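One structure is given below, encoded as structure tokens.
Residue numbers (the numbering used here), protein chains in the order written: chain A, 20 to 247; chain B, 88 to 305.
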């Protein structure tokens with residue numbers, strides 16, 4: 020009888036572990052856009068994804084910029100994306116954190132600088148997308164402890180944390196030298212770490228989800244309207 | 088040239104920072120530049136919050152960067168040795184850069200993922216007559232995230248970005264802030280020397296003089 024109970028308990032534990040390992044943390048999202056003008060992109064035109072200046076307090080992660088670049092350029096309907104560092108270097112020093120225009124009204128003056136308009140035209144850059152925002156841990160709790168001895172070790176307890184990914188993209192049209200609009204993505208994800216001998220992480224990939232969601236919305240924003 | 092960061096016994100070396108060819112119209116000036124002794128071999132030591140001791144050795148990074156930058160900004164640049172007298176040379180302006188201060192922060196100080204570097208430079212500028220026309224302090228700032236590059240790499244990257252920031256600031260604002268573009272070549276006839284004469288060993292001029300000329304219009 021006792022052996023049967025032990026077998027049942029072990030089976031239940033294994034099933035719980037399996038179920039937990041197949042699950043993941045939950046992520047909620049909200050994406051909004053505000054269009055100021057019609058958009059469109061022709062063959063031979065490209066886009067650049069840039070982080071707003073850290074001189075202005077922006078904390079957008081380099082990995083997030085790369086993720087959005089990859090997501091926008093992927094697939095058959097992918098856009099032509101100029102790597103941001105290549106673009107910044109080709110226009111040095113006018114897109115450095117200190118010198119890059121903070122508003123579209125600075126674009127006209129920028130285009131009049133020697134060589135700037137030519138370099139942008141050479142690369143076929145139609146849109147600059149400025150990203151700001153970041154992913155932060157906003158809450159967390161629980162208790163988890165681990166111990167090890169001569170006979171083995173294990174962890175017991177439960178921990179959780181919540182990450183918020185808030186990003187905003189401003190789309191500048193270099194053809195019209197004006198703002199085409201903005202897209203914002205607010206994602207919130209809660210991760211769990213239950214431990215019953217073995218810790219089983221249920222990670223909410225909040226930043227990755229925010230990257231994918233924002234890239235999809237940016238793609239739709241740029242290509243869905245008829246060419247202007 | 089080496090840039091060395093030492094933290095908890097670790098040492099990191101990096102290649103010298105370079106800047107891309109800038110989009111600018113060079114000023115049609117011949118300038119002489121002299122770097123102070125500490126400019127070519129600058130070190131900074133600091134004990135940060137938590138007791139970590141950091142030593143940052145900039146080596147010749149600044150000297151190399153400024154020489155490259157001035158080479159883009161002016162038609163003709165002459166790097167002077169310690170005994171060269173710029174005011175006996177055929178120049179429009181004389182520039183003396185220096186470092187006033189170097190500071191940095193690490194993530195456990197700011198409770199962020201970022202390393203940051205601030206460098207406060209100073210540029211003193213004289214016209215060809217020997218009158219000081221500018222004393223310009225400029226603060227450069229670079230920031231890099233540790234989560235992507237790792238701690239030492241991120242600090243190096245922040246330092247490179249700070250130096251690149253200084254280069255951008257000088258290209259953008261140096262003429263406006265110092266008035267160097269309006270320096271006139273006014274030399275007494277007796278002091279009108281060609282570069283070849285200036286480098287004559289008998290006059291003891293040009294012992295360490297290096298001439299940097301632009302090859303193209305950038």
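Positions of the beta carbon are idealized from the N, C-alpha and C atoms, including for glycine. Just so we're clear, the structure is a prediction, and the values are computed from it rather than from any experiment.
Compare the Cα-Cα distances from residue 142 of chain A to each of A/172, A/108, A/149 and report the closest residue. On the first chain, residue 142 of chain A is found 123 positions in, with the first residue counted as 1. Looking at the Cα atoms, A/108 is the closest of the given residues.
Kindly indicate the opening and closing residues of the alpha helix (DSSP H) around residue 131 of chain A. Taking the first chain and counting its residues from 1, one reaches residue 131 of chain A at position 112. Residue 131 of chain A -> no alpha helix (DSSP H), and no H or E assigned at all.
Can you grab the Cα-Cα spacing for the pair residue 94 of chain A / residue 242 of chain A, in whole Å? In the first chain, residue 94 of chain A corresponds to position 75, counting from 1. In the first chain, residue 242 of chain A corresponds to position 223, counting from 1. Between residue 94 of chain A and residue 242 of chain A, the C-alpha separation is close to 14 Å.
Residue environment, residue 105 of chain A, which counts as buried when at least 16 other CB atoms sit within 10 Å: Counting from 1 along the first chain, the entry for residue 105 of chain A is found at position 86. Answer is exposed; the Cβ neighbour count stays below 16.
Quick one, which residues of the region 198-225 of chain B are near chain A if we go by CB-CB under 7 Å, in chain order? Using a CB distance below 7 Å, no part of the region 198-225 of chain B faces chain A.
Assuming residue 329 of chain B contacts residue 176 of chain B under a Cβ cut-off of 8 Å, what Cβ separation, rounded to an integer in Å, is found between them? For chain B, the structure presents residues 88 to 305; residue 329 of chain B sits outside this window and is missing.
Taking 8 Å as the cut-off, does the region 108-121 of chain A touch the region 69-84 of chain A (at least 3 CB pairs, one atom from each stretch)? yes
Can you name the residues of chain A whose CB is closer than 9 Å to the CB of residue 228 of chain B? Indexing the second chain from 1 puts residue 228 of chain B at position 141. Simply 73, 74, 116, 117.
Residues bridged to residue 131 of chain B [DSSP beta-bridge criterion]: In the second chain, residue 131 of chain B corresponds to position 44, counting from 1. In DSSP, residue 131 of chain B forms a bridge with B/143.
Would residue 108 of chain A count as contacting chain B if we go by Cβ distances under 9 Å? The residue labelled residue 108 of chain A in the question sits at position 89 within the first chain. Residue-level contact by beta carbon holds for residue 108 of chain A and chain B, with a gap shorter than 9 Å.
Going by DSSP in three states, residue 122 of chain B sits in which element: helix, strand or coil? Here residue 122 of chain B refers to the residue found at position 35 of the second chain. Three-state DSSP puts residue 122 of chain B in coil, outside helix and strand.
Applying the criterion that 16 or more other CB atoms from any shown protein chain within 10 Å of the CB defines a buried residue, is residue 246 of chain B buried or exposed? One-based indexing of the second chain puts residue 246 of chain B at position 159. Buried, by the Cβ-count rule.
Boundaries (first-last residue) of the beta strand (DSSP E) holding residue 107 of chain A: Within the first chain, numbered from 1, the residue matching residue 107 of chain A stands at position 88. Per DSSP, residue 107 of chain A belongs to no beta strand (DSSP E); it is in the alpha helix (DSSP H), 103-109.
Name, please, each residue of chain B whose Cβ falls closer than 7 Å to the Cβ of residue 214 of chain A. Sequence index remark: in the first chain, residue 214 of chain A carries index 195 (1-based). Neighbours of residue 214 of chain A on chain B: none; closest Cβ ~25 Å, over 7 Å.
Quick one: does residue 305 of chain B have its CB under 9 Å from some CB of chain A? For the purposes of this step, residue 305 of chain B is taken as the residue at position 218 of the second chain. Per-residue confidence for residue 305 of chain B stands at a pLDDT of 37, beneath the threshold of 50, marking its modelled position as unreliable; the derived number appears in the next sentence. True, the Cβ-Cβ gap to chain A drops below 9 Å.
Buried versus exposed, by CB contacts within 10 Å (16 or more), residue 207 of chain A: On the first chain, residue 207 of chain A is found 188 positions in, with the first residue counted as 1. Buried: at least 16 other Cβ atoms inside 10 Å.
Evaluate residue 217 of chain A with the Cβ neighbour count: other Cβ atoms within 10 Å of its Cβ, from every protein chain shown; 16 or more gives buried, anything less gives exposed. Within the first chain, residue 217 of chain A is the residue found at index 198, counting from 1. Classification of residue 217 of chain A: exposed, given that the 10 Å Cβ count is below 16.
Could you pull the start and end residues of the beta strand (DSSP E) that residue 146 of chain A belongs to? Within the first chain, numbered from 1, the residue matching residue 146 of chain A stands at position 127. Looking at the DSSP string, the run of the beta strand (DSSP E) that includes residue 146 of chain A is 144-168.
Output the boundary residues of the beta strand (DSSP E) element that contains residue 231 of chain A. As a working mapping, residue 231 of chain A is identified with position 212 in the first chain. Residue 231 of chain A -> not in any beta strand (DSSP E); alpha helix (DSSP H) instead, spanning 225-242.
Apply the 10 Å Cβ neighbour rule to residue 195 of chain B and answer buried if 16 or more other Cβ atoms are within range, or exposed otherwise. As a working mapping, residue 195 of chain B is identified with position 108 in the second chain. Under this definition residue 195 of chain B is an exposed residue.
State yes or no: is the beta carbon of residue 224 of chain A nearer than 9 Å to at least one beta carbon in chain B? Numbered from 1 along the first chain, position 205 holds the residue referred to as residue 224 of chain A. No - not a single Cβ of chain B is within 9 Å of the one on residue 224 of chain A.
Is there contact between the region 192-212 of chain A and the region 222-240 of chain A, where contact requires at least three CB pairs shorter than 8 Å? yes
9 Å Cβ cutoff met for residue 234 of chain A and residue 86 of chain A: Taking the first residue of the first chain as position 1, residue 234 of chain A is located at position 215. Taking the first residue of the first chain as position 1, residue 86 of chain A is located at position 67. Cβ distance < 9 Å, so residue 234 of chain A and residue 86 of chain A count as in contact.
Would you mind working out which of B/104, B/252, B/108 sits nearest residue 203 of chain B, comparing C-alpha positions? Here residue 203 of chain B is taken as the residue at index 116 of the second chain, counted from 1. Looking at the Cα atoms, B/252 is the closest of the given residues.
Is any beta-carbon of chain B found at less than 9 Å from that of residue 232 of chain A? Along the first chain, one-based indexing puts residue 232 of chain A at 213. Chain B, which has no Cβ nearer than 9 Å to the Cβ of residue 232 of chain A, makes this no.
Residue nearest to residue 159 of chain B in terms of C-alpha spacing, selected from B/264, B/191, B/123, B/113: Counting from one through the second chain, the residue named residue 159 of chain B turns up at place 72. When only C-alpha atoms are compared, the closest one is B/113.
Quick one: Cα of residue 196 of chain A to Cα of residue 175 of chain A, how far? Start at 1 with the first residue of the first chain, and residue 196 of chain A comes out as number 177. Start at 1 with the first residue of the first chain, and residue 175 of chain A comes out as number 156. Taking the straight line joining both Cα atoms gives about 59 Å.
For my contact list, residue 212 of chain B and residue 180 of chain B are in at a C-beta cut-off of 8 Å; report their separation, rounded to the angstrom. Locating residue 212 of chain B in the second chain gives position 125, counting from the first residue. Locating residue 180 of chain B in the second chain gives position 93, counting from the first residue. Their Cβ separation, rounded to whole angstroms, is 6 Å, which keeps residue 212 of chain B and residue 180 of chain B in contact under 8 Å.
Since residue 153 of chain B is in the alpha helix (DSSP H), which residue starts that stretch and which ends it? The residue given as residue 153 of chain B occupies position 66 in the second chain. Looking at the DSSP string, the run of the alpha helix (DSSP H) that includes residue 153 of chain B is 148-160.
Run the CB neighbour count on residue 224 of chain B, radius 10 Å, all protein chains shown included, and call it buried at 16 or more, exposed below. On the second chain, position 137 is the one that residue 224 of chain B refers to. Exposed.
Neighbour flag for residue 245 of chain A against chain B, beta carbons, 9 Å: Position 226 of the first chain holds residue 245 of chain A. At residue 245 of chain A the pLDDT is 48, less than 50, meaning the model places this residue with poor confidence; the figure from the coordinates comes in the next sentence. So, not an interface residue.
Are the Cβ atoms of residue 228 of chain A and residue 46 of chain A separated by less than 9 Å? Position 209 of the first chain, counted from the start, is the residue given in the question as residue 228 of chain A. Position 27 of the first chain, counted from the start, is the residue given in the question as residue 46 of chain A. Going by C-beta atoms, residue 228 of chain A is nearer than 9 Å to residue 46 of chain A.
Endpoints, beta strand (DSSP E) assigned at residue 189 of chain A: Your numbering for residue 189 of chain A matches position 170 in the first chain. Residues 171-192.
Secondary structure at residue 44 of chain A, three-state DSSP: helix, strand or coil? Reading the first chain from its first residue, position 25 is the one you call residue 44 of chain A. Assigned with DSSP and collapsed to three states, residue 44 of chain A falls in coil, not helix or strand.
If you draw a straight line from the C-alpha of residue 117 of chain A to the C-alpha of residue 135 of chain A, how long is it? Taking the first residue of the first chain as 1, we reach residue 117 of chain A at position 98. Taking the first residue of the first chain as 1, we reach residue 135 of chain A at position 116. Whole-angstrom Cα-Cα distance: 17 Å.
Hey, residue 145 of chain B and residue 182 of chain B are a contact pair by Cβ (cut 8 Å); roughly how many whole angstroms apart? The residue given as residue 145 of chain B occupies position 58 in the second chain. The residue given as residue 182 of chain B occupies position 95 in the second chain. That pair is no contact at about 19 Å.
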